[in-house]
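A quick write-up on the structure given underneath.
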Amino acid sequence: MKKTFVIAEAGVNHNGRIDVAYKLIDAAVSAGADAVKFQTFEASNLVLKSAEKAEYQKDLALKKETQFEMLTRLELSKSGHLDLQAYCKDRDIIFLSSAFDLKSIDFLNQIGLRLFKIPSGEITNVPYLRKIGKLKKEVILSTGASELDEIKTAVDVLKKSGTPQTQITVLHCNSQYPTPVRDVNLACLKTLRDELGTRVGYSDHTMGIEVPIAAVALGATVIEKHLTLNQEDNSGPDHKASLMPVEFGEMVRAIRNIDQAMGDGVKTVSESEEPNRLVIRKSIVASRRIMKGAIFNEDNLSVKRPSGGIGAELWDDLIGTVATKDYSEDEWIEIS
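Right, here's the structure in full:
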């Protein structure tokens, strides 16, 4: 059975507080996620001090705060990373974090990450992609706000730098927070799979859980979704486009059901439906009294449940043959 890899994107929803980060890990574990992911960056290596916030980031409690100031407030310390990584190990959930600068890649590699998640904003960052590609580790690449040619180029950079194609998963994504459903375009999952030849997944920023569940049914092998402890929290930029723990758990349970429902693609009779086959299929019976020597035809034969006699699939073989005995109405016909 296929098992979708579900990432609980804690991101910066800890608001820069390590105690909240621990609670997010607990929530991810309780919800049944496979991994919980944070973000690793130094604001001074990520953004200019003069940079404005994105539109969706502007409606925060600290409205006059610049993007640099906001990101500085949301940084996790190196020691904090190590503490969270150790806690994830204790809770039996995979610790992940997205690096947003070159030094952060080095740091995450040093602490032993086996899987590197590349955020959408780095898809054109050639030195960044080369650095991760050279690690030759598992890579998950988000593709929000990008064109197909840009994605192909990014995958090519990763491959040329040393990462095998078999270790790359490309996530369809829309970088609006929250994403309008009309802009999701889940059909891109097939496009990415066909054009790139990689595994595909989906990073979701819509409200609710329907879209990521549908993505699994369309072949997504990875689902990433933001998790928060409070959707109304105005301290960080991603809370509104995140799921609360209970809803996240509902999504995971639905995904696990879809995993089971997908099957192996071989059309056959399942074990559970085998008994019903005998009940719902039909046998050829006499539609009225038939005397020995009569010719079977469409007027004196009928098809009724249950199976057990001559199956209805043999109708054409029976028509025109001779009855070798008398039959009463509704009696199963026998082949001599």
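At position 99 of the sequence shown the residue is numbered 99 (this note's numbering), and the sequence of numbers has no breaks.
Virtual Cβ for every residue (Gly too), placed ideally from N, Cα, C.
Bear in mind the structure is a predicted one, so any value in this text is a computation, not a measurement.
In this structure, the straight-line span from the alpha carbon of Lys136 to that of Pro164 is close to 7 Å. Secondary structure of Ser175 (DSSP, three-state): coil. In the DSSP assignment, Glu138 is bridged to Leu115. Rounded to whole angstroms, the Cβ separation of Thr40 and Phe107 is 7 Å, and the two are in contact under 8 Å.
By the neighbour-count criterion, in which 16 or more other beta carbons inside 10 Å mark a residue as buried, Gln110 falls on the exposed side. Taking all protein chains in view, the Cβ of Asn174 is crowded by 16 or more other Cβ atoms within 10 Å, so the residue is classified as buried.
Taking a 10 Å sphere around the C-beta of Arg199, we find 16 or more other C-beta atoms and assign the residue as buried. Counting the other CB atoms within 10 Å of its CB gives Ser336 a total below 16, which places it among the exposed residues. Note that the stretch 298-318 does not touch the stretch 261-270; fewer than 3 beta-carbon pairs, one per stretch, sit closer than 8 Å. Taking a C-beta distance under 8 Å as the contact criterion, Ile209 and Ala254 qualify as a contact pair.
Under DSSP, the beta-bridge partners assigned to Asp204 are Lys225.
8 Å or more divides the Cβ of Ala312 from the Cβ of Ile333.
Beta-bridge analysis with DSSP links Thr40 to Ala99.
Excluding sequence positions up to five before and after Ile290, its CB lies within less than 6 Å of the CB of Asn300, Ala323 and Tyr327, all in the same chain and listed in chain order. Under the three-state reduction of DSSP output, Arg256 falls in the helix class. Among the bridge pairs identified by DSSP, Val285 is matched with Ser302 and Trp332. Around the beta carbon of Glu273, fewer than 16 other beta carbons lie within 10 angstroms, which makes this residue exposed.
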